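Visitor:
2 protein chains.
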Amino acid sequence: MEKIRRNERMSAMLKMLSDSPNRLFTLSSFCELFGSAKSTMSEDIDALRRVADTFDLGKIETVTGAAGGVIYRPVISPAKACGYIETLCDRLSGQERVLPGGFLYYSDILSEPEAVNRMGEIIATEYYTGTPDFVLTMETKGIPVAFATANALGVPLVIARHSSKVYEGSAVNINYVSGSGSIETMSLSRRAVKENQRALIVDDFLKGGGTAKGMVELMREFNVSVIGMAFVMATVNPVKKRVSGEKALMTLEIRDGDPAEAIVRPAEWLCRIG
Amino acid sequence: MEKIRRNERMSAMLKMLSDSPNRLFTLSSFCELFGSAKSTMSEDIDALRRVADTFDLGKIETVTGAAGGVIYRPVISPAKACGYIETLCDRLSGQERVLPGGFLYYSDILSEPEAVNRMGEIIATEYYTGTPDFVLTMETKGIPVAFATANALGVPLVIARHSSKVYEGSAVNINYVSGSGSIETMSLSRRAVKENQRALIVDDFLKGGGTAKGMVELMREFNVSVIGMAFVMATVNPVKKRVSGEKALMTLEIRDGDPAEAIVRPAEWLCRIG
Numbered sequence: 656m657e658k659i660r661r662n663e664r665m666s667a668m669l670k671m672l673s674d675s676p677n678r679l680f681t682l683s684s685f686c687e688l689f690g691s692a693k694s695t696m697s698e699d700i701d702a703l704r705r706v707a708d709t710f711d712l713g714k715i716e717t718v719t720g721a722a723g724g725v726i727y728r729p730v731i732s733p734a735k736a737c738g739y740i741e742t743l744c745d746r747l748s749g750q751e752r753v754l755p756g757g758f759l760y761y762s763d764i765l766s767e768p769e770a771v772n773r774m775g776e777i778i779a780t781e782y783y784t785g786t787p788d789f790v791l792t793m794e795t796k797g798i799p800v801a802f803a804t805a806n807a808l809g810v811p812l813v814i815a816r817h818s819s820k821v822y823e824g825s826a827v828n829i830n831y832v833s834g835s836g837s838i839e840t841m842s843l844s845r846r847a848v849k850e851n852q853r854a855l856i857v858d859d860f861l862k863g864g865g866t867a868k869g870m871v872e873l874m875r876e877f878n879v880s881v882i883g884m885a886f887v888m889a890t891v892n893p894v895k896k897r898v899s900g901e902k903a904l905m906t907l908e909i910r911d912g913d914p915a916e917a918i919v920r921p922a923e924w925l926c927r928i929g
Numbered sequence: 656m657e658k659i660r661r662n663e664r665m666s667a668m669l670k671m672l673s674d675s676p677n678r679l680f681t682l683s684s685f686c687e688l689f690g691s692a693k694s695t696m697s698e699d700i701d702a703l704r705r706v707a708d709t710f711d712l713g714k715i716e717t718v719t720g721a722a723g724g725v726i727y728r729p730v731i732s733p734a735k736a737c738g739y740i741e742t743l744c745d746r747l748s749g750q751e752r753v754l755p756g757g758f759l760y761y762s763d764i765l766s767e768p769e770a771v772n773r774m775g776e777i778i779a780t781e782y783y784t785g786t787p788d789f790v791l792t793m794e795t796k797g798i799p800v801a802f803a804t805a806n807a808l809g810v811p812l813v814i815a816r817h818s819s820k821v822y823e824g825s826a827v828n829i830n831y832v833s834g835s836g837s838i839e840t841m842s843l844s845r846r847a848v849k850e851n852q853r854a855l856i857v858d859d860f861l862k863g864g865g866t867a868k869g870m871v872e873l874m875r876e877f878n879v880s881v882i883g884m885a886f887v888m889a890t891v892n893p894v895k896k897r898v899s900g901e902k903a904l905m906t907l908e909i910r911d912g913d914p915a916e917a918i919v920r921p922a923e924w925l926c927r928i929g
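Residue numbers (my numbering), protein chains in the order written: chain A, 656 to 929; chain B, 656 to 929.
1. Apply the 10 Å Cβ neighbour rule to Ser844 (chain B) and answer buried if 16 or more other Cβ atoms are within range, or exposed otherwise.
2. Please confirm whether Leu669 (chain A) and Ser666 (chain B) have their CB atoms less than 7 Å apart.
3. State buried or exposed for Val821 (chain B), treating a residue as buried only when at least 16 other CB atoms are found within 10 Å of its CB.
4. Would Leu907 (chain B) and Met888 (chain B) qualify as a contact pair, given that the criterion is a beta-carbon distance under 7 Å?
5. Could you pull out every unbroken beta strand (DSSP E) segment of at least 3 residues lying fully inside the region 863-904 of chain A, listed in chain order?
6. When the Cα atoms are used, what is the spatial distance from Glu677 (chain B) to Pro921 (chain B)?
7. Quick one: is Thr795 (chain B) buried, meaning 16 or more other Cβ sit within 10 Å of its Cβ, or exposed?
8. Take Phe877 (chain A) and list the residues in its own chain whose beta-carbon comes closer than 6 Å to its own, dropping the five residues that flank it on each side.
9. Just tell me which of B:Arg846, B:Val725, B:Ile909, B:Phe886 has its CA closest to the CA of Arg824 (chain B).
10. Since Ile814 (chain A) meets chain B, which of its residues come closer than 7 Å, beta carbon to beta carbon?
11. Compare the C-beta of Pro811 (chain A) against all C-beta atoms of chain B and say whether one is closer than 7 Å.
12. Using a Cβ-Cβ cut-off of 6 Å (strictly less than) and excluding sequence neighbours within five positions of Leu712 (chain B), which residues of its own chain qualify?
13. Could you tell me if Asn806 (chain A) is buried or exposed, where buried requires 16 or more neighbouring beta carbons within 10 angstroms of its beta carbon?
14. Should the region 834-844 of chain B be called in touch with the region 813-820 of chain B, which here means at least 3 C-beta pairs below 8 Å?
15. Buried or exposed: where does Gln750 (chain A) fall if 16 or more other Cβ atoms within 10 Å of its Cβ makes it buried?
16. With H, G and I counted as helix, E and B as strand and the rest as coil, what does DSSP make of Gly929 (chain B)?
17. Relative to the C-alpha of Leu636 (chain B), which candidate in B:Thr890, B:Val706, B:Glu698 has its C-alpha closest?
18. Does DSSP put Pro733 (chain A) in a helix, in a strand, or in coil?
19. Per DSSP, what are the beta-bridge partners of Phe680 (chain A) in this structure?
20. Can you tell which of B:Tyr831, B:Val827, B:Ser880, B:Val857 has its C-alpha closest to the C-alpha of Glu850 (chain B)?
21. Quick check on Lys693 (chain A): buried or exposed, where buried means 16 or more other Cβ atoms within 10 Å of its Cβ?
22. Who pairs with Glu908 (chain B) in a beta bridge, going by DSSP?
23. Between the alpha carbons of Ala779 (chain B) and Cys744 (chain A), how many angstroms are there, rounded?
24. With distance defined between alpha-carbon atoms, name the residue in A:Asp859, A:Leu754, A:Leu808 nearest to Tyr783 (chain A).
25. Tell me, to the nearest whole angstrom, how far the beta carbon of Ile918 (chain A) is from that of Gly757 (chain A); I am working on the premise that it is less than 8 Å.
26. Give a yes or no on whether 7 Å exceeds the smallest Cβ distance from Ile731 (chain A) to chain B.
27. Give me the chain B residues within the contact set of Leu743 (chain A), using Cβ-Cβ distance strictly less than 9 Å, ordered along the chain.
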């Protein structure tokens, strides 16, 4: 085989690492693939770490020791995260997207790959240190963002359903009070999670917090602890939600009028003022 | 600013390109970012094309002319695609995953980021040339794979629902005959797609084809043409489906017995024999 150049090795390595976020690659697996010495690979990885830092392309981390290797984390810098969410807020604000009843149409953005991947990376960046074992969402609209978050964290996605399905096997069902005050069912396959795991809840929309509270209760049934809750959008009202400690990327306020207007702002924790 | 080395430029460029599949990046945008001449960037891109080919990491394509630039396509080679699906078949075959009623539990694999991304890339590879404008799926289980396909194709994902929702705006509803013979409703927001677009249908499971046929009819209501249909899994029986021209990644056969056994095989178009 022809000798592989440093620029070729480095490009291929960054691509492979970033295709499997948060997965440990051993140095020897790369040595074997590229036919290089460990010292050479270490230099390549140091150079890649600088590339990632310089161009704000995530973080390359090395783990030393016998079980060591290199990990890619798609961490987004605060400036980039805030800037990205600001552009989304601009797209969502105004009159055009307000629907009858004071709802906002944004299903398109919730399944636009580029927007969804960036939102997932921003949420993942916030919760790496919480070391969740999986991401939990409730069907349907939040699934793409929850999947992108799980992808960035390198953990599975778990989807709770409105009812149990024959192809999910035996399930745990709970009842919860939805935003409109009705009693709804939430169902999760027994096979989906294990006792004592750690869950990160991700969903598209937080208003009163009924569904989110349901998910917390569902996790309690499985003896799973909830390490955090993230939402794409939270309404300004009601101020008091049924859950606490949640983080939303944007806040939504609908101003009455004819036509009504949506005011969508980046969350304060993302874009700190001053 | 310090002079950027070729290995740094190339690594950063491949990462940026692969973060936005199928998006055209102009040469001048990279020239500006790296402070390099066009001739230098062209050499870098040629070198990246060889890297992608050598390590089976997708395709780098260049578009010449005034509106030209460079595009990354996460194309998977036939050998890699077949090998990957074979490993999934091994995980799914056997007795452990068979549920009462002859169903197979594989929801975990349908939301495991690495498996989902690879399946999405395999489907996208097959349908690039059909130039779909969006990917259509029906809630819920197929959403992650459909999203990964949309991501690889660089197009939006559109999700049909079982009923219309207030936050989706005005919708088109159709009725269709489900696999169990019952009449079901399928709903899609009017804002979700435009007339004369091209849809690629992606879903998790094909048995009789009732839901798939429903999606085709839904697209007809929007004057959208369906350029293809891809499924993660298709049952061997019934042989005759209500749709045609579909491609599944795997086929499923449940062998009766105590306990029953699942035989999951890679589809013939993926792993050609001989």
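Glycine is no exception: its CB is placed at the ideal position from the N, C-alpha and C atoms. The structure presented is a predicted model; accordingly, all values stated were derived computationally and were not measured.
Guide: Taking the coordinates as given:
1. Taking the first residue of the second sequence as position 1, residue 844 (chain B) is located at position 189. Label assigned to Ser844 (chain B): buried.
2. For this step, residue 669 (chain A) is matched to residue 14 along the first sequence. For this step, residue 666 (chain B) is matched to residue 11 along the second sequence. Taking 7 Å as the Cβ cut-off, Leu669 (chain A) and Ser666 (chain B) qualify as a contacting pair.
3. Numbered from its first residue, the second sequence carries residue 821 (chain B) at position 166. Exposed is the call here.
4. In the second sequence, counting from the first residue as 1, residue 907 (chain B) sits at position 252. In the second sequence, counting from the first residue as 1, residue 888 (chain B) sits at position 233. For Leu907 (chain B) and Met888 (chain B), yes; Cβs fall inside 7 Å.
5. Within the region 863-904 of chain A, the complete beta strand (DSSP E) runs of at least 3 residues are 880-890.
6. On the second sequence, position 22 is the one that residue 677 (chain B) refers to. On the second sequence, position 266 is the one that residue 921 (chain B) refers to. For the record, residue 677 (chain B) in the displayed sequence is Asn; it is not Glu. Roughly 27 Å between the two C-alpha positions.
7. Here residue 795 (chain B) refers to the residue found at position 140 when the second sequence is read from its first residue. Thr795 (chain B) should be labelled buried.
8. Residue numbering aside, residue 877 (chain A) sits at position 222 when the first sequence is read from its first letter. The answer, listed in chain order, is Val848.
9. Locating residue 824 (chain B) in the second sequence gives position 169, counting from the first residue. This sequence places Gly at residue 824 (chain B); Arg is not what is there. The shortest Cα separation from Gly824 (chain B) among B:Arg846, B:Val725, B:Ile909, B:Phe886 belongs to B:Arg846.
10. As a working note, residue 814 (chain A) is residue 159 in the first sequence. By Cβ distance, chain B contributes Ser766, Thr795.
11. By 1-based counting over the first sequence, the position of residue 811 (chain A) is 156. Yes, Pro811 (chain A) counts as interfacial toward chain B.
12. Here residue 712 (chain B) is taken as the residue at index 57 of the second sequence, counted from 1. Contacts found: none.
13. On the first sequence, residue 806 (chain A) is found 151 positions in, with the first residue counted as 1. Note on Asn806 (chain A): 16 or more other CB atoms within 10 angstroms of its CB, so buried under the neighbour-count rule.
14. Touching, yes, given that three or more Cβ pairs across the two stretches are closer than 8 Å.
15. Here residue 750 (chain A) refers to the residue found at position 95 when the first sequence is read from its first residue. Looking at its Cβ environment, which holds fewer than 16 other Cβ atoms inside 10 Å, Gln750 (chain A) is exposed.
16. Here residue 929 (chain B) is taken as the residue at index 274 of the second sequence, counted from 1. The predicted model places Gly929 (chain B) with a pLDDT of 47, which falls under 50 and marks its position as unreliable; any figure quoted below should be read in that light. The answer is coil: DSSP assigns Gly929 (chain B) none of H, G, I, E or B.
17. Residue 636 (chain B) falls outside the range modelled here, since chain B spans only 656 to 929, and no answer is possible.
18. Your numbering for residue 733 (chain A) matches position 78 in the first sequence. Secondary structure at Pro733 (chain A): helix, using DSSP grouped into helix, strand and coil.
19. Working through the first sequence from its first residue, we reach residue 680 (chain A) at position 25. Paired residue(s): A:Val725.
20. The residue labelled residue 850 (chain B) in the question sits at position 195 within the second sequence. If we check each option's Cα against that of Glu850 (chain B), B:Ser880 comes out closest.
21. On the first sequence, residue 693 (chain A) is found 38 positions in, with the first residue counted as 1. Exposed, because fewer than 16 other Cβ atoms sit within 10 Å of the Cβ of Lys693 (chain A).
22. Here residue 908 (chain B) refers to the residue found at position 253 when the second sequence is read from its first residue. B:Ile918, per the DSSP bridge assignment.
23. Numbered from 1 along the second sequence, position 124 holds the residue referred to as residue 779 (chain B). Numbered from 1 along the first sequence, position 89 holds the residue referred to as residue 744 (chain A). Distance between the alpha carbons of Ala779 (chain B) and Cys744 (chain A): 30 Å.
24. Position 128 of the first sequence, counted from the start, is the residue given in the question as residue 783 (chain A). Ranked by how close their Cα comes to the Cα of Tyr783 (chain A), the residues A:Asp859, A:Leu754, A:Leu808 have A:Leu808 in first place.
25. Here residue 918 (chain A) corresponds to residue number 263 of the first sequence, with the count starting at 1. Here residue 757 (chain A) corresponds to residue number 102 of the first sequence, with the count starting at 1. Here Ile918 (chain A) is actually not in contact with Gly757 (chain A); their C-beta atoms are around 12 Å apart, not less than 8 Å.
26. By one-based count along the first sequence, residue 731 (chain A) stands at place 76. Output row for Ile731 (chain A): interface = no.
27. As a working mapping, residue 743 (chain A) is identified with position 88 in the first sequence. Ordered by position in chain B, no residue passes the 9 Å Cβ test against Leu743 (chain A), which lies about 15 Å from the chain.
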